[in-house]
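Undergrad: Sequential numbering from 1 applies to the sequence shown in full-length UniProt numbering.
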Amino acid sequence: MGGTMDRILFLLDERARHRLWRVLAVSVGMGLADMAAVLSIAPFLMVAASPEKALSNPALAALRNALGIEGETAFLVLLALGSLGMLTSAIVFRIWGFTYLRGFVRGQSVSLASRLVSLYMRAPLDRRLRRHSAELVTNIQSEVERVVNGVMMNAVRLLTGVSTALSLAVMLVVVEPRAALTMALLLGLGYGAIFAVVRGPMRRVGAARMGATRETARLLSEALSGSREVKLYGMERSYLDRFEAAFRRRAEATTTADLLRDIPKSVLEVLTFGTMILLVIWTLVEQGEGSSALPMVALYAFAAARLFPALQRIYAAGAALRGDLPAVDELHADLAAVEGVDLSDGRATEAMPLEQSLELRSVGYDYPDGERQLIRDLDLRVPAKRIVGLVGATGAGKSTILDMLTGLIRPASGGLYVDGTRITPENLARWRRSVAYVPQDSCMIEGSIGDNIRFGFTPRGDASEALCRAGAFAGLDGLISELPQGYDTPLGERGQSLSVGQRQRIGIARAIYREPALLVMDESTSALDTISEAELTAAVQGLRGRTTVVIVAHRLSSVRNCDLIYLIGAGRVLEEGSYEELTGRESKFHAFHRAGT
1 MGGTMDRILF LLDERARHRL WRVLAVSVGM GLADMAAVLS IAPFLMVAAS PEKALSNPAL
61 AALRNALGIE GETAFLVLLA LGSLGMLTSA IVFRIWGFTY LRGFVRGQSV SLASRLVSLY
121 MRAPLDRRLR RHSAELVTNI QSEVERVVNG VMMNAVRLLT GVSTALSLAV MLVVVEPRAA
181 LTMALLLGLG YGAIFAVVRG PMRRVGAARM GATRETARLL SEALSGSREV KLYGMERSYL
241 DRFEAAFRRR AEATTTADLL RDIPKSVLEV LTFGTMILLV IWTLVEQGEG SSALPMVALY
301 AFAAARLFPA LQRIYAAGAA LRGDLPAVDE LHADLAAVEG VDLSDGRATE AMPLEQSLEL
361 RSVGYDYPDG ERQLIRDLDL RVPAKRIVGL VGATGAGKST ILDMLTGLIR PASGGLYVDG
421 TRITPENLAR WRRSVAYVPQ DSCMIEGSIG DNIRFGFTPR GDASEALCRA GAFAGLDGLI
481 SELPQGYDTP LGERGQSLSV GQRQRIGIAR AIYREPALLV MDESTSALDT ISEAELTAAV
541 QGLRGRTTVV IVAHRLSSVR NCDLIYLIGA GRVLEEGSYE ELTGRESKFH AFHRAGT
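#1: How far does the alpha helix (DSSP H) with VAL174 in it extend, from its first residue to its last?
#2: In three-state DSSP terms, what is PRO411?
#3: Between the segment 417-425 and the segment 481-493, do three or more beta carbon pairs fall short of 8 angstroms?
#4: Using the three-state DSSP reduction, which class does THR213 fall into: helix, strand or coil?
#5: Can you list the alpha helix (DSSP H) stretches of 4 or more residues lying completely in the segment 423-458, in chain order?
#6: Cα separation between GLN108 and TYR315?
#7: On a CA-only basis, which of SER442, GLY571 and SER40 is nearest GLU523? Give me that one, please.
#8: Kindly list the residues whose CB is nearer than 6 angstroms to the CB of GLU576, restricted to its own chain and excluding five residues on each side of it in sequence; keep chain order.
#9: For LEU378, which three-state DSSP category applies?
#10: Figure out for me which residue from TYR437, ALA511 and GLY495 has the closest Cα to the Cα of ILE453.
#11: Please classify ARG494 as buried or exposed, where buried requires at least 16 neighbouring CB atoms within 10 angstroms.
#12: Below 8 angstroms on the Cβ atoms is my contact criterion, and I expect GLY389 with VAL559 to pass it. Report the Cβ-Cβ distance as a whole number of Å.
#13: Could you tell me the boundaries of the beta strand (DSSP E) in which ILE565 lies?
#14: Buried or exposed, going by whether 16 or more other CB atoms sit within 10 Å of the CB of LEU533?
#15: If you pair each beta-carbon of the segment 355-365 with each one of the segment 232-248, do three or more pairs fall below 8 angstroms?
#16: What do you get for LYS332, buried or exposed, if any count of 16 or more other CB atoms within 10 angstroms of its CB means buried?
#17: Is it true that the CB of VAL270 sits closer than 8 angstroms to the CB of ILE194?
#18: Which word fits GLN496, buried or exposed, when buried means at least 16 other C-beta atoms lie within 10 angstroms of its C-beta?
#19: So who's on the other strand from GLY274, going by DSSP bridges?
#20: If I'm right that ASP13 touches SER111 with Cβ under 8 angstroms, what's the distance once you round it to whole angstroms?
#21: Measure the C-alpha to C-alpha separation of ARG572 and ILE375 and round it to an integer number of angstroms.
#22: Quick check: residue 671 and PRO425, are their CB atoms within less than 8 angstroms of each other?
#23: Return the first residue and the last residue of the beta strand (DSSP E) that GLY364 is part of.
#24: Just to confirm, are TYR513 and LEU467 a CB contact at a threshold of 8 angstroms?
#25: Can the beta-carbon of ILE387 be found closer than 8 angstroms to that of VAL540?
#26: Report the residue from VAL144, TRP96 and ALA25 whose alpha carbon sits nearest the alpha carbon of ASP329.
#27: Suppose the cutoff is 7 angstroms on Cβ atoms and the five residues either side in sequence are ignored; what does the same chain contact list for ALA80 look like?
#28: Pop quiz: GLY161 and ALA317 are said to be a contact at Cβ under 8 angstroms. What is the actual Cβ separation, rounded to whole angstroms?
#29: Apart from the five residues just before and just after ARG505, which ones in its own chain have a Cβ nearer than 7 angstroms to its Cβ?
#30: Considering only the alpha carbon of each residue, which of ALA217, LEU259, THR275 and LEU260 lies closest to ALA245?
#31: By how many angstroms is the C-alpha of ARG7 removed from the C-alpha of SER114?
Structural data, given as structure tokens:
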């Protein structure tokens, strides 16, 4: 249990951890208020049942004399009003307390979701790529709610229920020690036995529901993002059957969890009221029948009216909390895995210039699973303001080298140097601000063409002029001229109204808009037709002397005019030189060239 509590506390933000004492104070205060409300009815009942005997009580006599009340009726009315006022105050305090506690817990919903989004966006790229995006979305949209509502809120309900039950139990022990202790023993054994039976199934059901929720999210993501292939290959029924099966498992797990929470409530109701009846019988036997026992019986009835909801709250909260603990384990694992990893903001106000060279020195990089090394003792130098090509077979390590050059992943050994300065966590944001990246399939956001090119970046000088210049470079002039709204034309979801080539041109324009010191193009012209590729290649050649360009391509025509070409194989540089040098002699690149042509 201690480990579970530590994980829950870990998920709280620092401000919330400092406020836990307030949560404890409010919860205890709610229990004490309930006890005071029940106790306040005792003097009224005593006076109402037997005025002469009750007023012989020293405490009541002292209260009556202090208030200066002579008549028994007036004193009885005053006691009734006092009890009503105490009960009303307890209810008002309870309403305020639950409002405060709910606000505390709901604040953690925003905080925890924000921490997870920050983690997933800022964590090292190789860590992020090991996870399915649907799983990450499920964690944020579903598992955060389970942790907040299912665990944190129920932990608060459990705390308030325990506080109320303990306060009332202490009161009953003071009033009638033997009977109250016997009742507490019976209730404790009964509740403990029931919870021991359901705790294991609740946790297993919670884990099953979490797994089914993830599977439904993954299947939906695959079916909707791959809608063309799914429809073309007639896979709709396959996805629908698997989705229905996963959703059915989720519904069954949810129903089972509800039953494990609700069915025992009936047993607990019988147990609680049966115990209270035994307590009443005990009192009647001890004090005899008649009016003398009436105040105690009434007190037990009022106590039962407060105690039973508290006990129900304890059981229901404990059972629900148990079922949602797998979500705590999952989110704790995510946040704990990057503890100590630099997750600082990737934005910087000042870019790092690249005037001499960009170098990878003796770098090594392991697969995330650690099974084997992908890059081994690699040295690679990119002259500034030149165009460099990386070629090699699929899986040779070219994209990994690009990720290291851009600072997206950190080498396991060696380092990245810009003009002789090593890139460290302290200057990494400045270097990334100097880099623009064009992947094979550019990401499109919900917004206009202009929004997708700007991508949140503010250039130096006139923004409209920079936008038009970048669009012209990427060959978007023809498309923009055909659209009535020009750059303000909305793209819709993922830019699906455009062709793959048009989306790729927007991605290229986005990179140029940033006026980078380093432009990285990873198979970025593969979606273009031959003529468009030739036009863009010619435009890239115009960057020579102004911008450093690194190109990864399978089409040798894309790297033919590079100043320097590296042939990559098995995570190492196999050969380097200009296109003419590499094709002018028998070499591995020569064989690669012949295969490519």
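Glycine residues also receive a C-beta, built at the ideal position from the N, C-alpha and C atoms.
TA: The structure says:
#1: 153-175
#2: coil
#3: no
#4: helix
#5: 428-433 and 449-454
#6: 24 angstroms
#7: SER442
#8: TYR566
#9: strand
#10: ALA511
#11: exposed
#12: 3 angstroms
#13: 564-569
#14: The question names Leu, yet the displayed sequence has Glu at residue 533. Burial call: buried.
#15: no
#16: Lys is not the amino acid found at residue 332; the sequence shown has His there. Per the 10 Å Cβ criterion, buried.
#17: no
#18: exposed
#19: Note: GLY274 sits in no beta bridge, so no partner.
#20: 5 angstroms
#21: 7 angstroms
#22: No statement about residue 671 is possible, as the shown extent of the chain runs from 1 to 597 and does not include it.
#23: 357-366
#24: yes
#25: yes
#26: VAL144
#27: PHE44
#28: 6 angstroms
#29: ALA474, GLY475 and LEU476
#30: ALA217
#31: 18 angstroms
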